[in-house]
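J.:
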Amino acid sequence: MTTTKNADAADLYEWLLTIQNAADLQWPASNPANAGIRDQFRLNTFPPASTTTTPAAPPTPPPATPHP
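Right, dumping it as structure tokens:
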């Protein structure tokens with residue numbers, strides 16, 4: 002079952018890339034006039050690029066409760 006899910010996920014990813022490439026041909030990101038349509042249909046690069054920001058630090062755990 003996992004193999005089937007992985008294959009389906011890979012297939013979906015390939016289709017998303019195909020759609021992304023077609024959208025890039027129709028509404029290239031290099032043309033500023035296309036910014037609105039690209040935002041409306043979320044045509045930015047897929048998958049999103051990783052960010053360079055540092056993730057937030059995890060919260061400080063509560064102090065240990067003393068055990069008598």
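Mapping of the sequence shown onto our numbering: position 15 corresponds to residue 16, and the numbering continues sequentially without gaps.
Where a beta carbon is used, it is the ideal one built from N, C-alpha and C, also for glycine.
Is the beta carbon of residue 28 less than 7 Å from the beta carbon of residue 39?
T.: In the sequence shown, counting from the first residue as 1, residue 28 sits at position 27. In the sequence shown, counting from the first residue as 1, residue 39 sits at position 38. Closer than 7 Å, so yes.
J.: On the CB-based measure, 16 or more other CB atoms within 10 Å of its CB, does residue 23 come out buried or exposed?
T.: Residue numbering aside, residue 23 sits at position 22 when the sequence shown is read from its first letter. Per the 10 Å Cβ criterion, exposed.
J.: Between residue 60 and chain D, is any beta-carbon pair separated by less than 7 Å?
T.: In the structure shown, chain D does not exist; there is a single protein chain.
J.: Under 7 Å Cβ to Cβ from residue 33, same chain only, skipping five residues before and after it: list those, please.
T.: Taking the first residue of the sequence shown as 1, we reach residue 33 at position 32. Here the set comprises nothing.
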